[in-house]
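Per numbering that gives the first Met the number 0, the sequence shown runs over residues 0 to 309.
Glycine included, C-beta positions come from ideal geometry on N, C-alpha and C.
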Amino acid sequence: MPRPSNASLDIRWRHSDPCPCGSLRLYCDCCLASDGLPRCKLASLNPPGAHSGYAHPQCYMGGTENCGQTLSREHYISRAILDLLEGKSLSGVPWLAPGENQQLETASLTSRILCERHNNALSPLDSAALRTFTQMQAAFAYATQRSLHKHPRFFLIDGDAFEKWSVKTALGLYHARIAAEPRGRIKDLYRLDADAARSLLADGPLPAPLGIYAHMEKPGPVKNGRIAFAPLVSEPLARFCAMSAHLVGASFHILFDRSITPEDHFDTGGYRPWAIDYVGVQRTARIIVSWTENRLRHKIVSYHFTKAST
Ligand SMILES: [Zn+2]
Ligand SMILES: [Zn+2]
């Protein structure tokens, strides 16, 4: 079966196309940057208005002293994303130490760990993550469905926003004391540098070498097409340092702790890819990953699917 040539995989969005990020706006009014490349924009994650000077004792963003008076009652992973997880795809697994997964019921993922002010300020991350998952589902479906239409199709996701959403989810799992491995709760066994993690939710991208490392090989145990997350811990350092994400056919680690040397644990060739290709039997879906800073355009991670999805 002939593979699509690279030339046929160049971006060909027109200014008047619907934006490939899934926002329902026109490309030229949304993610088209002045240099002609796509770049998603993330709203500010700081609470609006004057600094409140108040630290709510139960809000994990309390260290910023910019809390509101009331705690949020919402799920700390948005309801829409929980629905995508098919109920049981968030697990607690120790890193580099195979063990039994403890499955988490998504219904239990509500916890009063953010004030309303911070919950609202961080909500653009959930919207961006939901768009990312939806786009990746669409790309996977395109690559794996049988069709007479053989042309490649292009999708766009926001890499910076997904990294920050992963940090937010890690903070939520940790502070809600739910994330667990067989020996106990992650919060009781491992340290999370909460100040450092919180600072990553401020404006601007996560500094290198933090961020996404894509697995270059085909993703492992999670069934293709599923979305699943797990916390990753370093046993020797006794730290909760990264998240593992299986996203509809692709597989990532998201590092948020600077005490970890990425070369020791991750496939650094997959660091912050410019594009993710889903190569099906008949056609390819290319997912362009938007980054605030320019990335090398040849840095592409490919996943090959030999069977059509059912
Ligand atoms: Zn857009
Ligand atoms: Zn707060």
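Just verifying my parser: in three-state terms, what is the DSSP assignment at residue i?
| i | result |
| --- | --- |
| Ile112 | coil |
| Leu25 | strand |
| His50 | coil |
| Ala79 | helix |
| Pro295 | According to the sequence shown, residue 295 is Leu rather than Pro. Looking at Leu295 - three-state DSSP - the assignment turns out to be coil, as it is neither helix nor strand. |
| Asp34 | coil |
| Ala42 | coil |
| Thr283 | strand |
| Asp194 | helix |
| Asn65 | coil |
Using the Cα positions of residue i and residue j, report the straight-line distance between them to the nearest angstrom.
| i | j | result |
| --- | --- | --- |
| Asn65 | His297 | 42 Å |
| Arg24 | Met215 | 33 Å |
| Ala274 | His174 | 33 Å |
| Gly171 | Thr131 | 20 Å |
| Ile185 | Glu73 | 22 Å |
| Asp263 | Asp256 | 14 Å |
| Asp157 | Lys163 | 10 Å |
| Ala201 | Ser233 | 25 Å |
| Trp290 | Asp159 | 6 Å |
| Asn45 | Leu295 | 30 Å |
| Pro208 | Leu147 | 42 Å |
| Tyr75 | Leu231 | 19 Å |
| Ala284 | Ala140 | 9 Å |
| Pro235 | Thr260 | 12 Å |
| Asn119 | Asp82 | 20 Å |
| Asp16 | Pro47 | 33 Å |
| Gln281 | Arg145 | 7 Å |
| Ala244 | Asp28 | 31 Å |
| Val166 | Leu199 | 7 Å |
| Arg190 | Ser258 | 12 Å |
| Leu188 | Ala241 | 15 Å |
| Pro206 | Pro272 | 15 Å |
| Ala32 | Arg111 | 38 Å |
| Pro37 | Thr133 | 18 Å |
| Ala193 | Trp12 | 41 Å |
| Leu155 | Ala237 | 36 Å |
Which partner residues of residue i appear in the DSSP bridge assignment?
| i | result |
| --- | --- |
| Leu70 | Cys114 |
| Asp276 | Arg285, Ser301 |
| Pro19 | The partner list for Pro19 (beta bridge, DSSP) is empty, contrary to what the question assumes. |
Quick one, are the C-beta atoms of residue i and residue j less than 9 Å apart?
| i | j | result |
| --- | --- | --- |
| Leu70 | His50 | no |
| Tyr277 | Ile286 | yes |
| Ile10 | Phe228 | no |
| Gly210 | Leu246 | no |
| Met135 | Gly269 | no |
| Leu121 | Met60 | yes |
| Cys18 | Tyr26 | yes |
| Cys58 | Leu113 | yes |
| Thr143 | Phe304 | yes |
| Ala195 | Phe239 | no |
| Tyr212 | Phe251 | yes |
| Ser77 | Ser43 | no |
| His117 | Gly67 | yes |
| Ile80 | Leu41 | no |
| Gly21 | Ala137 | yes |
| Pro204 | Glu115 | no |
Tell me whether residue i counts as near ligand 3, meaning its Cβ is closer than 8 Å to at least one heavy atom of that ligand.
| i | result |
| --- | --- |
| Asn65 | Ligands in the displayed structure: ligand 1 and ligand 2; ligand 3 is not one of them. |
4-residue-minimum alpha helix (DSSP H) runs that sit fully inside the segment 196–270, ordered along the chain: If we require 4 residues or more, the alpha helix (DSSP H) runs fully inside the segment 196–270 come out as 261–264.
Unbroken stretches of the beta strand (DSSP E), 3 residues or longer, contained in the segment 121–191: Listed in chain order, the complete beta strand (DSSP E) runs (minimum 3 residues) inside the segment 121–191 are 152–157.
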